[in-house]
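Peer 1:
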Amino acid sequence: MTQDMNSFPWLTILTAVPLVGALAVLALGGRNKVLVRWTALAFSAISLLITLILWHSFNSAADGFQFQELHPWIPSLNVSYRLGIDGLGLLMLLLTAIVVPIGMLASWQIEERVPLYFALVLTLQTCLVGTFTALNFFHWFIFWELALIPAFFLVRLWGGSGSAKAAMQFLVYTMVGSVAMLLSFLAIFLSTNTFDFSEIATMGQNGTLMPAVVAKLGWHLLTPEHVALVIFFGAFLGFAVKVPLFPFHTWLPSTYAEAPSGTTVLLTGAMSKMGVYGFLRILLPIFSPEMQKVLTLLLWLAVATVVLSAYTAMAQKDLKRIFAYSSINHLGYCLLAIFAVAKFTSGDAVLTTQKFAAMNGVFLQMFNHGLTAATLFWFIAMLEKRTGGARGLDDFGGLRKVIPVFTGLMGIALFSSLGLPGLNGFIGEFLIFKGSFPLVTWATSLSVIGLLITAIFILGVIQRVFSGPLKEKWGQLPDLSLGERLTLVPVIGLMFALGLYPQLILGVVNHTAIQMAIHLRNF
Amino acid sequence: MNWIVENLWLIPALPLFAAGISALTKQKGRKLAASLAIGSMGISFLLALCAFAHVLALRSSGQATQQFFNFPWFQFGNDWLSLGWVLNPLTAVMLVMVTFVGLLIFIFSVGYMEHDENFTRFFCFLALFASAMLGVIISNSLLLLFMCWEIVGLTSYLLIGFWYFKPSAAAAAKKAFITTRIGDLPFFLGIVWLYSQTGTLLFYNNGAGALEPAAITHLLSQTTATGMCVATGIALLIFCGAIGKSGQFPLHVWLPDAMEGPTPVSALIHAATMVAAGVFLVARVYPLMSAHNGVAGVLTTSTALQAVTWIGAITALFGSLVAVAQFDIKRILAYSTVSQLGYMMMGLGVGGVAVGMFHLITHAFFKALLFLGAGSIIHGCSGEQDIRKMGGIRKLMPITFATYAIAMLALCGFPLFSGFWSKDEILHAAHHWNISQLPYYMGAFAALLTAFYMTRQVFYVFAGRSRLTQETTDASHTDPHAHAADHHHGSGAIHESPAVMTVPLALLSVFALLLGFFGTPAWPWFQSFLDDSPLAVNFGAFGEGGILPVMLISSLIVFLGLGLGWYFYGRRPIVSAEAPDAVGKLSPSIFTVLGHAFYFDALYAATFIRLNTLLSKISDWLDRWVWNGAVKTITSLVFGFAHLDNFLDTHVVNSGFDEGCEGVSLSGQVLSRLQAGRVQGYLKIVAGALIVFTILLLWKARA
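Each protein sequence line maps, in turn, to chains A and B. To convert, count from 1 in the first sequence and add 13; that's my numbering. To convert, count from 1 in the second sequence and add 14; that's my numbering.
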């Protein structure tokens with residue numbers, strides 16, 4: 014740990030700010046909705062500001078975690094309150110800080126129980142920040158689970174007609190995954206007496222973790238390899254559900270579709286990254302030997318995630334369901350690369366370089382998907398606001414004629430999602446394919462089908478919604494207002510900036526990517 | 015380093031800047047958008063001339079004619095990914111051609127699109143297209159080339175679908191993008207493969223580039239698991255991209271449909287420049303394409319170049335066969351383009367960079383001229399595109415006729431016109447190909463057909479009397495979407511186009527006529543320029559290496575084609591628009607098959623598209639019933655578990671597994687008051703499950 018142990022508690026403050034905001038918003042009450050919205054937005058702006066300060070003062074060349082805070086908490090369980098971020102954590106904080114205001118703006122049209130809505134959004138932000146900064150399983154898990162609660166109520170109370178069912182499915186499914194993960198970590202805790210990620214990872218990498226677990230919990234019916242795999246799959250399930258990885262994904266489309274679009278922005282923009290983050294921060298460092306054992310299976314799951322979700326998106330008629338599946342597809346590329354990085358390469362220097370590329374690609378893809386998907390659902394929210402909730406693929410036609418600016422800007426976001434060079438999506442996907450191809454050639458080659466199908470359904474959306482003859486009932490649809498245009502400018506601008514100069518992010522996360530790839534067990 | 019080499023990026027950047035400004039301009043800013051696009055293109059043209067002059071100067075002073083400029087772009091791992099641009103004869107020739115033809119077409123568009131309500135947007139897209147295309151040309155990195163290549167695809171999509179309210183245009187745009195992307199995906203894999211093998215995507219980098227001998231030797235020394243040479247594998251994957259972009263068989267299906275776009279778009283993008291990008295790509299990576307493990311001294315051709323040759327020959331023949339049976343003036347030209355692109359590929363395969371590129375350059379001029387002429391005709395005929403309904407236009411549009419005739423003769427390869435020299439070189443090289451004679455015969459037959467279908471078209475359009483009925487002109491007036499078709503004028507009378515349209519035609523026709531003289535066997539300036547070889551005037555060259563016989567034969571073929579065309583369509587004037595086609599009468603069934611382009615669209619619709627739709631339905635079904643069924647099972651299991659564990663009441667939970675769980679539970683209680691949700695119940699289940707398993711584990715641990 015190169016940094017001084019307890020720096021100024023930036024991360025605790027960042028975690029607390031949205032929570033304070035939530036209380037403030039609740040205290041304001043429901044009489045003045047405008048004030049409530051602006052207050053909530055102001056708090057998210059403060060979070061963004063703090064995150065930018067962190068981004069600015071982050072040392073992108075240093076090893077290990079920065080802005081660390083370490084306090085003993087429950088000595089009897091050897092649990093301490095340990096916070097810190099590396100390039101990955103920082104990137105996720107930035108994404109959260111950007112996505113939350115987008116989600117709020119996309120929720121501007123909500124009129125019922127406004128204070129509660131925004132309080133829940135801010136609580137969710139606290140949980141996200143907590144998850145991305147915690148370095149001890151104990152309170153990491155608390156944030157991880159707590160995040161479900163605001164998300165559940167946001168979907169349940171403000172969602173569409175099927176939201177009760179969808180929210181319940183979402184909750185039950187993710188909780189089953191969490192329980193499995195929790196059990197695995199309890200087993201590890203019982204064997205190692207620590208919840209600290211770094212310590213467990215070190216044991217995982219030097220090969221002492223699983224022998225310790227087996228020694229403690231060995232079951233005469235299971236061989237040591239089996240015990241290790243059971244523990245791994247327990248932890249795996251928790252993250253696989255969250256990302257989601259095929260076939261643990263079926264909660265997602267109905268949840269995304271039933272949630273109010275402003276909430277979907279948060280779910281897809283930030284919350285879906287929790288799963289990928291978990292894969293990177295927890296699963297990969299600790300369980301890479303087990304991942305290597307079942308690599309073929311994992312790769313098939315990643316390919317299925319990429320290809321089948323793209324195909325399923327093509328069959329959907331609801332804009333939100335289309336982009337829900339598209340979201341699964343995009344995160345599938347992340348998982349493909351993560352599994353490629355896990356591959357056993359016996360320290361081959363050339364292949365290690367490929368792992369650096371893949372790892373950087375994952376980071377970029379996480380951020381870019383968050384930005385682009387959040388923006389797309391924001392556009393859907395704006396469309397719903399204008400049309401009174403219509404969002405079926407066949408409800409529209411020829412909208413470009415009446416709302417050309419909307420069409421143009423949403424077109425940019427759509428092409429960003431398609432991975433057009435010059436916009437943010439491309440370089441992440443390029444690095445993922447570039448890194449994964451030499452490592453897992455067959456899986457990477459199959460995954461390009463996903464790129465093709467994505468193009469087909471995205472152009473299908475443009476064709477059916479914006480082209481063709483204008484449907485009469487939309488003849489008076491208002492184009493984007495000045496306020497909407499101004500709020501969209503920074504987001505669309507960021508898409509171009511990252512597409513043309515990805516170094517903005519890579520310069521900050523590259524060192525972390527190298528560290529994560531290089532520390533994997535490879536013997 | 016020279017100023018122009020360092021600032022070569024300005025050539026694509028200027029139109030990009032123009033596109034950016036006009037994207038932010040309101041629809042009323044028509045003059046601004048047009049003048050920005052034309053002005054930036056004009057300056058780019060001048061810069062391109064500077065670049066060309068620079069290469070000439072280098073050449074005359076005996077220096078290496080290749081200079082590049084690389085810069086780091088982003089960092090990953092311990093490497094930087096670098097991009098760059100390269101100025102060499104290939105770049106210089108393409109830059110001048112694209113900026114010049116582009117400039118003329120921009121000017122023509124001012125007249126052609128005069129009445130379009132999205133005039134501003136049109137020039138924005140045109141400028142963006144030019145920028146991306148110029149980017150492809152100057153790239154010294156396969157990645158940068160691919161990025162510009164994709165943006166070229168985007169602008170092509172936007173321009174084909176420019177009249178977005180027409181469902182056919184929207185569908186054609188989508189088809190073009192998807193079909194080319196099918197080729198782009200193997201191309202993309204080829205790029206990542208090349209990158210992983212050579213560690214660089216720069217073409218030239220002082221010996222460390224991917225096209226330089228060290229890298230090529232390395233690629234040749236590697237083999238894949240299937241025994242294929244890695245260099246061949248990568249070259250074939252990259253070629254897939256060229257097949258898609260250049261409308262080669264079997265991915266040609268998008269190009270005829272792309273004629274849904276405004277005619278200047280067809281001229282610029284789908285005839286002169288963009289579709290040539292695939293040919294240019296093969297020329298750019300030629301060291302990779304031609305790499306082979308040949309025995310020294312034995313003439314061999316790499317597998318990749320053999321593929322290029324065969325695909326090219328098939329496409330050349332296919333396109334010209336289909337063009338014979340079309341009735342839409344633009345579709346004839348579209349299939350002609352497909353066929354000519356096949357020629358270029360074949361030229362690259364059998365003769366090398368200079369042979370293929372020479373035809374690319376001459377074709378760009380005469381095909382742009384043909385399309386603009388067709389646009390002028392359509393403009394004059396109030397949007398009519400069916401050649402059966404035209405006729406007699408020679409007298410009504412004399413300038414258009416004269417320029418069209420020049421371009422037509424150039425395309426046919428009429429002796430001394432530009433197409434004659436470039437096409438003849440391809441045929442000559444094919445005749446001497448060491449693998450097979452078949453491409454030569456395919457090419458020669460395609461040349462006969464080319465002369466024939468162009469004669470047919472010219473007689474239909476220009477000869478006799480006008481068959482344009484009053485209804486056609488009336489219908490296009492009353493149709494609310496009349497502006498969707500290529501026509502804008504109120505007057506139904508056929509008329510010559512304004513000067514803003516005819517002057518570009520005249521300029522292009524000069525080049526269509528004379529450009530060939532830069533690459534004759536006696537004075538092969540173009541070839542020596544591209545190959546960087548010495549140049550001498552040698553009229554004796556005609557007599558060497560069987561050039562003259564091939565030339566005579568191909569001249570005879572052209573005359574035969576023209577003669578047959580006259581025999582069927584020129585001897586007797588075509589009197590009625592309803593009369594059956596003179597050749598079609600000979601064998602209606604074959605004519606129908608040709609007219610439907612061998613039913614490739616139907617074939618793909620019945621196979622690939624259907625399979626794709628089926629797969630999407632299966633995925634959706636699996637999702638709804640199989641995977642979701644699994645979730646429902648899990649859910650009911652959990653509910654069962656909940657009932658079993660009912661005895662674990664709240665106070666067991668609260669008495670505390672730990673403080674964290676208490677926090678969870680408390681929040682649950684608070685929130686559960688908001689809604690009679692069952693969250694708390696689930697939290698209890700989690701906590702309960704935890705406790706049960708903790709006890710179990712502790713017990714096991716102790717035992």
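Beta carbons: idealized from backbone N, C-alpha and C, even for Gly.
Answer yes or no: does any C-beta atom of chain A fall closer than 8 Å to that of ASP637/B?
Peer 2: For ASP637/B, the answer is yes, since a Cβ of chain A falls inside 8 Å of its Cβ.
Peer 1: Helix, strand or coil, according to DSSP, for GLY98/B in the structure here?
Peer 2: Residue state, collapsed to three classes: strand.
Peer 1: Please report how far the alpha carbon of GLY488/A lies from the alpha carbon of LEU265/B, in whole angstroms.
Peer 2: One C-alpha to the other measures close to 39 Å.
Peer 1: Between ALA468/A and chain B, is there a C-beta pair that is closer than 8 Å?
Peer 2: It does; some Cβ of chain B falls within 8 Å.
Peer 1: Chain B beta carbons: is any one of them nearer than 8 Å to that of MET327/A?
Peer 2: Yes, because at least one Cβ of chain B sits closer than 8 Å to the Cβ of MET327/A.
Peer 1: Roughly how many angstroms lie between the CA atoms of MET379/A and LYS286/A, to the nearest whole one?
Peer 2: Cα to Cα, MET379/A sits roughly 7 Å from LYS286/A.
Peer 1: Quick one: list the residues of chain A neighbouring ILE257/B, beta-carbon separation under 7 Å, in chain order.
Peer 2: The contacting residues do not exist; ILE257/B stays about 15 Å from chain A at best.
Peer 1: Just checking my contact of ALA224/B with THR238/B at CB under 8 Å: how many whole Å lie between their CB atoms?
Peer 2: Actually they are not in contact, since the Cβ atoms of ALA224/B and THR238/B sit about 18 Å apart, beyond 8 Å.
Peer 1: Going by CA-CA distance only, name the one from SER210/B, VAL564/B, ASP546/B, CYS138/B that's closest to SER75/B.
Peer 2: Minimum Cα distance to SER75/B is reached at ASP546/B.
Peer 1: Are LEU364/A and ALA315/A close, meaning C-beta to C-beta below 8 Å?
Peer 2: Cβ atoms of LEU364/A and ALA315/A: not closer than 8 Å.
Peer 1: Please state the DSSP three-state secondary structure of TYR467/B.
Peer 2: The answer is helix: DSSP assigns TYR467/B an H, G or I state.
Peer 1: Output, in sequence order along the chain, the residues in the segment 184-197 of chain B whose CB is closer than 9 Å to any CB in chain A.
Peer 2: Those residues of the segment 184-197 of chain B that come within reach of chain A (Cβ to Cβ, closer than 9 Å) are ALA184, ALA185, ALA187, LYS188, PHE191, ILE192, ARG195, ILE196.
Peer 1: At which residues does the beta strand (DSSP E) containing HIS610/B begin and terminate?
Peer 2: Note, HIS610/B: premise wrong, no beta strand (DSSP E); not H, not E.
Peer 1: Could you give the residue range of the alpha helix (DSSP H) that holds GLU397/A?
Peer 2: Where GLU397/A is concerned, the enclosing alpha helix (DSSP H) stretches over 362-400.
Peer 1: Give a yes or no on contact between the segment 124-140 of chain B and the segment 27-47 of chain B, applying the rule of three or more CB pairs nearer than 8 Å.
Peer 2: The segment 124-140 of chain B vs the segment 27-47 of chain B: in contact.
Peer 1: Look up VAL316/A in the DSSP assignment and say whether it is helix, strand or coil.
Peer 2: In this structure, VAL316/A counts as helix in the three-state DSSP scheme.
Peer 1: Would you please state the rounded distance, in angstroms, between the beta carbons of SER316/B and PHE372/B? I believe it to be under 8 Å.
Peer 2: No, SER316/B and PHE372/B are not in contact; Cβ-Cβ is about 21 Å, not under 8 Å.
Peer 1: Looking at chain A, is there any beta carbon in it that lies within less than 8 Å of the beta carbon of GLU164/B?
Peer 2: Chain A, which has a Cβ nearer than 8 Å to the Cβ of GLU164/B, makes this yes.
Peer 1: Could you check which residue in PRO301/B, LEU158/B, GLY197/B, PRO278/B has the C-alpha nearest to that of PRO227/B?
Peer 2: That would be PRO301/B, whose Cα lies nearest to the Cα of PRO227/B.
Peer 1: If I follow the unbroken beta strand (DSSP E) through PRO451/A, where does it start and stop?
Peer 2: Here PRO451/A belongs to no beta strand (DSSP E); instead the alpha helix (DSSP H) covers 438-452.
Peer 1: Does ASN373/A have its Cβ less than 8 Å from a Cβ in chain B?
Peer 2: Closer than 8 Å: yes.
Peer 1: Can you tell me which of the three DSSP states THR314/B falls into?
Peer 2: It is coil, neither helix nor strand.
Peer 1: At which residues does the beta strand (DSSP E) containing TYR218/B begin and terminate?
Peer 2: TYR218/B -> no beta strand (DSSP E), and no H or E assigned at all.
Peer 1: Would TRP23/B count as contacting chain A if we go by Cβ distances under 8 Å?
Peer 2: False, the Cβ-Cβ gap to chain A never drops below 8 Å.
Peer 1: Give me the residue from LEU137/A, TYR346/A, GLY402/A with the minimum Cα distance to ALA283/A.
Peer 2: Of the listed residues, the one whose Cα sits closest to ALA283/A is LEU137/A.
Peer 1: In this structure, how does DSSP classify ILE567/B when only helix, strand and coil are distinguished?
Peer 2: ILE567/B: helix per DSSP, three-state reduction.
Peer 1: For a quick check, are the C-beta atoms of PHE66/B and ALA27/B less than 8 Å apart?
Peer 2: Not in contact: PHE66/B and ALA27/B (Cβ atoms no closer than 8 Å).
Peer 1: Checking the sheet assignment: what are the DSSP bridge partners for THR647/B?
Peer 2: DSSP, once it has assigned bridges, lists no residue as partnering THR647/B.
Peer 1: Using CA coordinates, which residue listed in LEU108/A, TRP121/A, ARG50/A is at the minimum distance from GLU497/A?
Peer 2: GLU497/A has its Cα closest to that of TRP121/A, out of LEU108/A, TRP121/A, ARG50/A.
Peer 1: Can you give me, in chain order, the residues of the segment 509-528 of chain A that have a beta carbon less than 8 Å from any beta carbon in chain B?
Peer 2: Listed by position along the chain: TYR514, PRO515, GLN516, LEU519, GLY520, ASN523, ALA526, ILE527.
Peer 1: Which first and last residues belong to the alpha helix (DSSP H) in which TYR269/A is found?
Peer 2: Counting along the chain, the alpha helix (DSSP H) containing TYR269/A begins and ends at 264-271.
Peer 1: Would you call HIS239/A buried or exposed, if buried means 16 or more other Cβ atoms sit within 10 Å of its Cβ?
Peer 2: The residue in question, HIS239/A, is exposed, as its Cβ has fewer than 16 Cβ neighbours within 10 Å.
Peer 1: When we look at the beta-carbon of HIS610/B and count the other beta-carbons within 10 Å, is it buried (16 or more) or exposed?
Peer 2: Answer is exposed; the Cβ neighbour count stays below 16.
Peer 1: In chain order, what residues of the same chain lie with their CB nearer than 6 Å to the CB of VAL320/A, ignoring the 5 residues before and after it?
Peer 2: These residues qualify, in order along the chain: ILE462, GLY463.
Peer 1: From VAL33/A to ALA55/A, what distance separates their C-alpha atoms?
Peer 2: Each residue's alpha carbon lies about 12 Å from the other.
Peer 1: Just the chain B side, please: which residues come within less than 9 Å of PRO482/A by C-beta, in chain order?
Peer 2: What PRO482/A touches in chain B: PHE179, LYS180, PRO181, HIS495.
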